[in-house]
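Asks: Take a look at this one; I'll ask things after.
In my numbering, the protein residues as written are 254 to 751.
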């Protein structure tokens with residue numbers, strides 16, 4: 254089928270582009286090389302290292318962790334509005350504010366689908382080719398293959414939580430395996446668990462300074478536990494996996510200052526378990542290469558930085574809602590001050606400048622996102638890493654598991670660790686039902702606008718309770734539609750209701 258081949262050959266072509274260079278200090282600073290193929294590339298140990306770097310690279314993209322994934326989930330959750338200059342400015346994100354408006358031809362869903370599968374295919378290329386390199390250290394080979402299993406598991410975790418069903422690819426895309434059916438979420442989760450398990454068996458607890466940021470045993474165990482929780486596998490095995498992270502010889506610990514997690518000072522810190530690595534000196538043309546630009550910097554400064562300030566800074570997307578601010582204020586929770594810009598807030602490194610909510614334009618609301626804002630650096634060139642998994646989330650997942658296992662006192666102890674960090678009183682003596690909701694509320698505060706809250710509500714089956722007034726339909730709205738172009742080319746059945 255010619256159209257099918259054309260579609261997947263295009264994805265394959267994007268996926269086999271490798272790096273032109275790599276240094277130890279910024280191992281994820283990759284640049285595509287459009288004349289390289291897998292047949293001529295996988296020859297040396299250096300090639301193997303460069304190839305695994307490309308499997309990390311898509312996560313830096315504007316349409317992945319650098320903007321689209323967290324922003325989409327923040328809007329879906331109701332904690333954010335699109336923002337921007339006008340209703341039409343990146344207007345497809347408006348669909349996520351009303352479940353009844355979400356359509357399969359939303360190009361932002363297409364962008365995210367493509368970037369996630371580029372990550373899957375690059376991981377598969379590593380797994381298929383690195384074992385055949387002859388002149389290579391076995392220790393490095395084993396580590397790289399484990400990293401590839403971890404990354405494939407993470408990319409697929411993002412695919413299954415967003416889309417529910419997808420083709421399950423465990424070999425590189427080629428002309429011989431184009432006709433792929435949609436796998437069920439259960440089949441995808443089984444592969445995710447297998448990948449994270451295999452990664453955890455091999456990956457080290459930590460890396461030397463030249464490899465900081467690569468996947469570790471702690472990251473693999475944390476995401477394995479999270480994947481099990483998302484399937485409802487809340488049992489002793491899951492609890493033990495979380496214990497393995499909490500008690501890791503690495504010595505993970507909460508930072509004393511909550512906001513340091515999102516500041517230029519503190520990348521790859523003691524609380525961090527897995528981060529998307531960013532660096533300065535990036536290609537600032539996000540629109541290059543058909544939307545698959547080689548972006549190495551964190552773009553939060555410009556995409557989510559305040560537009561309505563005395564010193565214009567950014568484009569003003571991903572704006573916190575009034576209800577989200579009220580949530581923090583009602584609980585006297587200082588994490589709101591570290592998450593949301595409000596009237597009169599000082600703007601760091603801009604003497605005399607304050608956030609001014611009265612200077613409005615377009616569809617903007619009065620507040621702005623504060624995390625990851627580097628006012629002391631370039632608008633387009635921030636090096637602050639995006640934290641995908643922190644110890645704080647692991648502690649709250651552990652609290653949830655212990656509560657569901659009937660150990661409410663133990664669960665409260667884990668939850669109270671994140672509360673104590675920000676000076677909140679401990680919570681004690683709750684029923685299992687009340688503690689379940691308290692943990693959900695704590696996660697909303699601790700992981701505020703980090704793209705997690707909607708996913709927690711959905712996996713707990715509470716979508717109709719939280720989102721009925723926004724058109725949520727049970728049995729449909731838990732996942733997004735598979736992009737229409739993929740349905741048309743491959744002949745798949747669309748997700749229910751779309």
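We treat Cβ as the ideally placed atom computed from N, Cα and C, and that holds for glycine.
As the structure is a prediction and not an experimental result, all values here were calculated from the model.
#1: At the level of alpha carbons, what is the spacing between residue 458 and residue 502?
#2: Beta strand (DSSP E) containing residue 527: first to last residue?
#3: Identify the continuous beta strand (DSSP E) that holds residue 336 and give its terminal residues.
#4: Would residue 539 be called buried (16 or more neighbouring beta carbons within 10 Å of its own) or exposed?
#5: Which residue wins for smallest C-alpha separation from residue 466, given the options 334, 521, 490 and 633?
#6: Can we say the stretch 295 to 312 touches the stretch 678 to 697, given the rule of at least three CB pairs closer than 8 Å?
#7: Kindly list the residues whose CB is nearer than 6 Å to the CB of residue 494, restricted to its own chain and excluding five residues on each side of it in sequence; keep chain order.
#8: Smallest Cα separation from residue 672: which of 699, 693 and 647?
#9: Pair every Cβ in the stretch 628 to 638 with every Cβ in the stretch 503 to 513, then say whether three or more of these pairs are closer than 8 Å.
#10: Are three or more beta carbon pairs between the stretch 709 to 719 and the stretch 397 to 407 nearer than 8 Å?
#11: Give me the Cα-Cα distance between residue 311 and residue 368, rounded to the nearest whole angstrom.
#12: Using the C-alpha atoms, what's the distance from residue 708 back to residue 414?
#13: Rounded C-beta distance between residue 336 and residue 570? I'm assuming under 8 Å.
#14: Is the separation between the beta-carbon of residue 532 and that of residue 505 shorter than 8 Å?
#15: Could you check whether the stretch 731 to 739 touches the stretch 356 to 363, counting it as contact only if at least three pairs of C-beta atoms, one from each stretch, sit closer than 8 Å?
#16: Straight-line CA distance for residue 443 to residue 649?
#17: Which ranges does the alpha helix (DSSP H) cover as unbroken runs of at least 4 residues, wholly within the stretch 625 to 710, from first to last along the chain?
#18: Rounding to the nearest angstrom, what Cα-Cα distance links residue 295 and residue 377 in this structure?
#19: The alpha helix (DSSP H) spanning residue 717 covers which residue range?
#20: Where does residue 681 land, buried or exposed, given buried means 16+ other C-beta within 10 angstroms?
#21: Using the three-state DSSP reduction, which class does residue 735 fall into: helix, strand or coil?
#22: Taking only three categories from DSSP, how would you classify residue 343?
#23: Would you mind stating whether residue 406 and residue 445 have Cβ atoms separated by less than 8 Å?
#24: Tell me which residue opens and which closes the alpha helix (DSSP H) that residue 377 is part of.
#25: Along the chain, where does the alpha helix (DSSP H) that runs through residue 571 open and close?
#26: What's the gap between the Cα of residue 298 and the Cα of residue 637?
#27: Look at the alpha carbon of residue 469 and the alpha carbon of residue 592, and state the distance between them as a whole number of angstroms.
#28: Cα-Cα, which of 566, 568, 567 and 595 is closest to residue 579?
#29: With H, G and I counted as helix, E and B as strand and the rest as coil, what does DSSP make of residue 437?
#30: Is it true that the stretch 446 to 455 meets the stretch 617 to 624, where meeting means three or more beta-carbon pairs spaced less than 8 Å apart?
#31: Which residue marks the beginning of the alpha helix (DSSP H) containing residue 400, and which one marks its end?
#32: In terms of alpha-carbon separation, which member of 590, 329, 436 and 573 lies closest to residue 706?
#33: Quick check: what's the CA-CA separation for residue 279 versus residue 639?
#34: In this structure, what does DSSP give as the bridge partners for residue 594?
#35: At what residue ranges does the stretch 422 to 508 contain a whole run of the alpha helix (DSSP H), taking only runs of 4 or more?
#36: What's the call for residue 601, buried or exposed, on a 16-neighbour Cβ count within 10 Å?
Replies: Taking the geometry as given:
#1: 7 Å
#2: 525 to 529
#3: 333 to 336
#4: Note that residue 539 scores 47 on pLDDT, short of 50, meaning its location in the model is unreliable; the coordinates nonetheless yield the value given after this. By the neighbour-count rule (16 or more Cβ atoms within 10 Å), residue 539 is buried.
#5: 521
#6: no
#7: 474, 477 and 478
#8: Measuring from the Cα of residue 672, the nearest candidate turns out to be 699.
#9: In this structure the stretch 628 to 638 does not lie against the stretch 503 to 513, because fewer than three pairs of beta carbons, one per stretch, are closer than 8 Å.
#10: no
#11: 6 Å
#12: Rounded to whole angstroms, the separation of the alpha carbons of residue 708 and residue 414 is 8 Å.
#13: 5 Å
#14: Not a contact, by the Cβ cut-off of 8 Å.
#15: yes
#16: 24 Å
#17: 644 to 657, 661 to 674 and 685 to 699
#18: 13 Å
#19: 716 to 720
#20: Around the C-beta of residue 681, fewer than 16 other C-beta atoms lie within 10 Å, and the residue is accordingly described as exposed.
#21: Correct three-state label for residue 735: coil.
#22: coil
#23: yes
#24: Going by DSSP, residue 377 is part of the alpha helix (DSSP H) stretching over 360 to 382.
#25: Membership of residue 571 in any alpha helix (DSSP H) is not indicated; the residue belongs instead to the beta strand (DSSP E) covering 570 to 573.
#26: 29 Å
#27: Note on geometry: alpha-carbon atoms of residue 469 and residue 592 lie some 28 Å from one another.
#28: 595
#29: coil
#30: no
#31: 391 to 416
#32: That would be 329, whose Cα lies nearest to the Cα of residue 706.
#33: Unreliable placement is indicated for residue 279, whose pLDDT of 42 sits below 50; the coordinate value is still reported in the next sentence. Whole-angstrom Cα-Cα distance: 15 Å.
#34: Partner(s): 621.
#35: 438 to 455, 470 to 483 and 489 to 499
#36: exposed
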